[in-house]
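Numbering (this note's numbering), first residue to last: 0 to 159. A virtual CB, placed ideally from N, CA and C, is assigned to each residue, including glycine.
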């Protein structure tokens with residue numbers, strides 16, 4: 000079997016990357032997609048076929064979705080997300096940092112994908128982010144607050 004035929008037999012996994020932004024009061028920036036229910040962090044699919052890394056994807060998606068050119072900070076969480084009728088998704092969450100008032104006022108939504116954005120308190124996160132995303136964001140906030148390395152998650156919950 001040649002190498003490309005062998006690669007074609009291997010399992011597939013999808014991947015995405017997002018940035019966790021906060022304001023000076025600790026509220027989390029969420030965006031409202033127009034293509035599904037619930038809210039999300041700015042982020043999206045990693046264009047790995049083109050050589051894009053998770054960090055590059057988080058920066059690109061932030062620029063595309065909310066118009067902010069921000070270099071992602073530390074990796075906060077990696078989540079292995081299983082789902083019906085699709086391969087698993089590996090979701091990376093980076094620290095987007097604390098946005099200034101000027102940055103918040105300069106947010107420009109990608110109208111093809113997003114309806115709105117808002118800042119929410121930590122206790123609002125689980126009710127707005129569906130599935131494992133709410134748990135993933137809370138785990139990322141905990142890692143950020145504790146000043147520790149990235150947390151490993153499975154379906155939004157600590158692995159192991």
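Spatial distance of residue 107 from residue 132 (CA atoms): 23 Å
Local Cβ density within 10 Å of residue 150, reported as buried at 16 or more and exposed below that: buried
Neighbourhood of residue 129 by C-beta, 6 Å cutoff - its chain only, sequence neighbours within 5 removed: 37
Host alpha helix (DSSP H) of residue 65 (start-end): 53-65
Residue 88 (DSSP reduced to helix, strand or coil): strand
Three-way DSSP call (helix, strand, coil) for residue 159 in this model: coil
Inter-residue spacing [alpha-carbon to alpha-carbon] between residue 183 and residue 19: Residue 183 cannot be examined here, being either before or after the span of the chain that is shown, 0 to 159.
Beta-bridge partners of residue 38, as assigned by DSSP: In the DSSP output, where bridge partners are listed per residue, residue 38 has none listed.
For residue 15, the first and last residue of its enclosing beta strand (DSSP E): 13-21
Where residue 1 sits in the DSSP three-state scheme: coil
Beta-carbon contacts of residue 109 that lie in its chain and below 7 Å, excluding the five residues immediately before and after: 63, 64
Paired residues, beta bridge with residue 80 - DSSP: 88
Status (buried if at least 16 other CB within 10 Å, exposed otherwise) for residue 60: buried
The beta strand (DSSP E) enclosing residue 135, as first and last residue numbers: Premise fails: residue 135 lies in the alpha helix (DSSP H), 131-145, not in any beta strand (DSSP E).
Residue 17 and residue 41 closer than 8 Å at C-beta: yes
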